[in-house]
């Protein structure tokens, strides 16, 4: 079974009950994707599968055969952050950082769905599937507003990142 | 999670054949996979329906809006046809779970599971739907048979839900803030011959609220009845009495959405 992860073809040899998140973290050592609640509530495990942000803790690896997966590691580099990552840094949209990979993924999905002028109310509504236990939502929302504008300026809202 | 074998059939017939012994169908997986992870459910064979073609179409057929069983909640919420035909159904879909759940969860999975607090069963029942399956059809009135129980036989696959297009439809729910399931949810549909009212979240299964239907079919301005049942759910989230109160409030809110 072949799965494209962050632009690279990877071969997956795992039992059918393996979860996408466990394969990413344990086999590929892409530990930027976090496991928080494991009950589909918190969104720390958000990744993109074929351009859609979904919860990797509730996705079977075998269901992703032939798919394209993008994790937080695939968005940017420390030298050249993705605009949404840069916005989280600039707006101080994190405290402990545990929820951040999932928040950044959710932010990108929000920007793509609602554009650069997305309202604060819409962002808060669309973040229902992401929990921050530091209660840092104020700056997370601000970061996503900035990030959405920055993605538009970088020409990233016309095509998948 | 207990190990299982995953089948990924590419036709309905192959999916029926793949279902053998201790098996389950996988639609969006956002109820089944968590249940399997927590050990509430285990199977030997999981039959993924994602590759069966044609199950996610949304179309109009006469006086029916036909929603394919594998249509994701996000797709129903965004569908121009659903928004033009039964806008309240699109709004219901937009209120299920959270965005990530809505990108995966499906209408077929929701009604096959028949969670007593799920949203879709209330719409299916209020909108007098016909559930089309690999084996035939079921009327909504006969489909929901109790907590997590339906009329589906072993290996029977839901292929589409045929909603009867009403004059107006609205759904109101008081949702649990963490799970987003309904503590009480009320669906109201106005048809030429009268009003249908379905309630979710408050009892062992979705049900039609006949006292409300009779009162509202006589007049939309009728005094709203009090929900009286001896099987109201009482748990750590809400007492049965509170759920009954919420049902009446949700009825009033849904009713506001079907006037005019």
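Protein chains in written order, with this note's numbering: chain A, 176 to 336; chain B, 81 to 340.
Glycine included, every Cβ here is placed at the ideal spot set by N, Cα and C.
Since the structure is predicted, the reported quantities are computational estimates derived from the model, not experimental observations.
Distance CB(residue 323 of chain A)-CB(residue 265 of chain A) smaller than 8 Å: no
Contact set between residue 184 of chain B and chain A, taken where Cβ atoms lie within less than 7 Å: 229
Extent of the continuous beta strand (DSSP E) to which residue 141 of chain B belongs: 138–141
Residue 300 of chain B versus B/216, B/339, B/85 and B/88, residue with shortest Cα-Cα distance: B/339
Beta bridge counterpart(s) of residue 221 of chain A as assigned by DSSP: A/230
Cutoff 6 Å; reference residue 234 of chain B; Cβ partners in own chain excluding five residues on either side: none
Residue 291 of chain B, DSSP secondary structure in three states: helix
7 Å Cβ shell around residue 317 of chain B - same chain, five flanking residues per side excluded: 256 and 263
Beta-carbon proximity check, residue 214 of chain A vs residue 276 of chain A, cutoff 8 Å: no
CB contact flag (residue 220 of chain A, residue 231 of chain A, <8 Å): yes
Validate contact between the stretch 222–230 of chain B and the stretch 191–199 of chain B using beta carbons, cut 8 Å, 3 pairs: yes
Any chain A beta carbon closer than 8 Å to residue 86 of chain B: yes
Pair within 8 Å by beta-carbon distance, residue 205 of chain B and residue 97 of chain B: no
Any C-beta of chain B under 8 Å from that of residue 295 of chain A: no
Range covered by the beta strand (DSSP E) that runs through residue 251 of chain B: 248–255
C-beta neighbour in chain A for residue 195 of chain B, strict 8 Å: no
Inter-residue spacing [alpha-carbon to alpha-carbon] between residue 324 of chain B and residue 305 of chain B: 11 Å
Residues near residue 291 of chain A by beta carbon distance below 6 Å, same chain, minus five either side: 323, 324 and 327
At least three beta-carbon pairs within less than 8 Å, the stretch 252–265 of chain A to the stretch 176–188 of chain B: no
N-terminal and C-terminal residue of the beta strand (DSSP E) that residue 146 of chain B is part of: 144–148
Chain A contacts made by the stretch 161–183 of chain B, where a contact means CB separation under 8 Å: 177, 178, 179, 180, 181 and 183
Span separating the alpha-carbon of residue 336 of chain A from that of residue 240 of chain A: For residue 336 of chain A, the pLDDT reaches just 41, beneath the cut-off of 50, and the residue's location in the model is therefore unreliable, leaving the point undetermined.
Local conformation of residue 269 of chain A per DSSP, three classes: coil
Cβ pair count under 8 Å reaching 3, the stretch 270–278 of chain B against the stretch 201–219 of chain B: yes
Exposure label - residue 253 of chain A; buried when at least 16 CB within 10 Å: exposed
Cβ neighbour criterion (16 or more within 10 Å) applied to residue 120 of chain B: exposed
Residue(s) in a DSSP beta bridge with residue 241 of chain B: B/147 and B/211
Residue burial classification, residue 295 of chain A (beta-carbon count within 10 angstroms, cutoff 16): exposed
Rounded straight-line distance, which links the Cα of residue 171 of chain B to that of residue 246 of chain B: 15 Å
Buried or exposed by the 16-neighbour rule on C-beta atoms within 10 Å, applied to residue 218 of chain B: buried
Proximity winner among B/307, B/253 and B/296, relative to residue 333 of chain B (alpha-carbon distances): B/253
Contact set between the stretch 119–133 of chain B and chain A, restricted to residues whose Cβ is under 9 Å from the partner: 126, 128 and 130
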